[in-house]
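Some notes on the structure that comes next.
This is the structure we're talking about:
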């Protein structure tokens, strides 16, 4: 099956995971690019997606999938089996409202929340450690941040899509 609006990619262990947004699933390939399997169906329940966007993996090989429209991050095993939601027992808790392209760096989960206009930083247990930014156009303010990463020193780089710029925040 062909990809329909792929939004993010992550190499986790021996697999390449691609969020296949319009097909409401994740497609998985081997390191040579051959298709292996896919997971996820359309919906709002565990293991289902409405807009799978960001994708990242932790050191245990678990796959984190950020769903922009369901407003949650789901955690799956290497074969795509749903394990649990990240940072919330269920998406209705709204700890995360509209996650974009997530990253896991040094056991920290970086989540740009497009709706909240903030970047949320969690530990792997789902504990919120830091909130960066707020709605606005000035320095340190964000509008629809879609992607984030961090460097070795912990500086946070945010694609501030609505303001047409990239901003850098110190690790505090």
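Numbering (this note's numbering), first residue to last: 106 to 277. Glycine included, each C-beta is placed from N, C-alpha and C at the ideal position.
When only Cα atoms are considered, residue 119 and residue 243 end up about 42 Å apart. Here residue 146 carries a strand assignment [DSSP, helix/strand/coil]. Segment contact: the region 153 to 163 against the region 124 to 140, three or more CB-CB distances shorter than 8 Å; contact assigned. Going by C-alpha positions, residue 249 is about 8 Å away from residue 240. Residues of the same chain with their beta carbon placed closer than 6 Å to that of residue 277 are lacking, with the five preceding and five following residues left out of the count.
In the displayed model, residue 167 falls within coil according to three-state DSSP, outside both helix and strand. Buried is the label assigned to residue 223, since at least 16 other Cβ atoms lie within 10 Å of its Cβ. In this structure, DSSP gives residue 242 a state outside helix and strand, which the three-state scheme calls coil. Of the residues assessed, residue 221 falls on the buried side of the cut-off, its CB having 16 or more other CB atoms within 10 angstroms. Within the region 186 to 261, the runs of beta strand (DSSP E) that reach at least 3 residues and sit entirely inside it are, in chain order, 187 to 190, 208 to 210, 213 to 218, 223 to 228, 233 to 237, 250 to 255. Just measuring C-alpha positions, the residue of 274, 182, 161 sitting nearest residue 246 is 274. Between residue 162 and residue 115, the gap from beta carbon to beta carbon is short of 7 Å.
For residue 118, the secondary structure class from DSSP, reduced to helix, strand or coil, is coil. Exclusion of the five residues before and after residue 123 leaves 111, 114, 132 as the residues of its chain whose Cβ lies within less than 6 Å of its Cβ. When the alpha-carbon of residue 171 is set against those of 264, 270, 252, the nearest one is in 252. The Cβ atoms of residue 196 and residue 205 lie no closer than 7 Å to each other.
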